[in-house]
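The sequence shown lines up with residues 31 to 350 when you count with the working numbering.
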Amino acid sequence: MATRPRSGAKAAVTLRQLRAFLLTAENGSASMAARTLGVTQPAVSQQLQELETVLRVRLIERVGIRMLPTPAGRAMIEPVRRAFAALDQIEPAVAAFREADTGLVRLGTGATACIHFLPEPLARAQTSMPNLQLVVVTGNTSDIVSGVEEGAIDVGLVTAHELKSNPAIHLEHVFDEELVAILPKRLELQLPDPLRPQDFSHLPLILFDPAGRTRDIVNGWFRAGGVSPIPTMELGSIEAIKVLVGAGLGVSLIPDLATRSMPDTIVRRRLAQPVRRRLSLILRTDKVLDSGLRALLSEIRASAESQQQRLACSCPNKKR
């Protein structure tokens with residue numbers, strides 16, 4: 031008869047107990063179960079007794095020379111088989127992640143960096159690790175930071191000089207980029223070069239969505255010049271802003287990265303008081319850097335260094 035557990039912490043069912051039970055129930059013999067497990071018959075009997083004690087029910091009974099499952103034991107057989115079948119899937123499930131060129135990396139970033147900076151490092155990471163799965167999500171800095179904090183995003187590339195004190199997040203500066211003005215071609219000869227905040231006072235402004243960090247930087251630049259910007263349009267897409275400026279509907283301030291490909295209907299102008307935004311990598315401080323994540327970080331850093339060198343060597347008066 032099964033006995034109640036002794037006082038103290040409640041015992042837990044072990045895999046050894048379940049294996050001993052299943053082999054005994056399937057073979058009708060504790061001795062055969064012992065041979066299969068490579069242990070002695072008393073060891074199997076002890077495992078069965080401990081399991082019955084934990085579950086507080088008789089599972090195996092002797093019928094003649096055979097050891098057969100009780101009704102409770104018969105009810106356990108299929109759940110135990112399913113449990114071991116699930117355990118057999120653990121090794122195949124993780125085996126791929128031991129390979130040098132496999133894994134999953136989830137990257138969060140803004141739309142501008144996604145379009146104008148990340149394609150090269152992403153492509154190089156994919157070339158070096160063909161089986162690496164890269165997932166890219168876009169959003170504002172606050173959304174990406176939250177995703178990294180919650181573990182939904184492995185690494186973020188965001189506009190941030192610093193973050194609110196959070197010991198769980200590591201921030202690494204990768205490069206700074208200048209913000210520049212873009213204006214319709216028809217205004218090229220009507221406006222000075224470079225432009226001051228006051229030069230925008232009579233112009234329709236098409237600015238970033240106020241929820242974004244870049245918009246905060248733009249607003250700060252205007253306020254430093256004594257101007258309170260009142261945009262006629264606010265958009266979350268830098269490509270949409272460029273289209274509307276090209277159509278002659280207004281002027282804007284955008285990251286210089288985004289001016290690489292613009293139609294002839296748009297003119298690029300530098301600002302008299304230069305303003306920059308800082309792109310930074312963010313990760314959880316406890317994040318495990320597997321081979322895929324290390325490869326992607328390495329490519330982002332290499333591209334950032336090249337980008338910084340191009341900016342340092344570029345002509346300060348270039349126009350597009």
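We treat Cβ as the ideally placed atom computed from N, Cα and C, and that holds for glycine.
Query	Result
Of all the options E108, P101, I236, which has the alpha carbon lying nearest to the alpha carbon of L274?	I236
Tell me the rounded alpha-carbon separation between L134 and L221.	49 angstroms
Closer than 6 angstroms by C-beta to F238: which residues in its own chain qualify, once you throw out the five before and the five after it? Chain order, please.	T244, R245
Using a 10 Å radius around the Cβ and a threshold of 16 neighbouring Cβ atoms, would you call D118 buried or exposed?	exposed
Cα-Cα, which of R331, N161, G186, M159 is closest to V167?	G186
Any chance you could list the beta strand (DSSP E) runs of at least 3 consecutive residues sitting entirely within the stretch 257-322, in chain order?	263-265, 282-285, 296-299, 306-314
Candidates A41, V210, S61: which alpha carbon is nearest I268's?	V210
Restricting to Cα atoms, I'd like to know which of M159, W251, T142, R136 is closest to L301.	W251
Comparing C-alpha positions only, which one of V175, R154, L217, L193 sits nearest to L323?	R154
Please state whether DSSP places P214 in a helix, a strand or coil.	strand
How would you label N170, buried or exposed, when you count the other beta carbons within 10 angstroms and need 16 or more for buried?	buried
Measure the C-alpha to C-alpha separation of M31 and R86 and round it to an integer number of angstroms.	With a pLDDT of only 44 at M31, under 50, the local geometry of the prediction cannot be trusted, and the value read off the model is given with reservation. Spanning the two alpha carbons is a distance of roughly 9 angstroms.
For a test of the three-state rule: what should DSSP assign to M97, helix, strand or coil?	strand
What are the uninterrupted segments assigned as beta strand (DSSP E) that are 3 or more residues long and contained completely in the stretch 137-223, given in chain order?	161-168, 185-189, 199-214
Leaving aside the five residues before and after P304 along the sequence, list all residues of the same chain whose C-beta is less than 7 angstroms from its C-beta, in chain order.	E208
From the DSSP output, in three-state form, read off V124 for me.	helix
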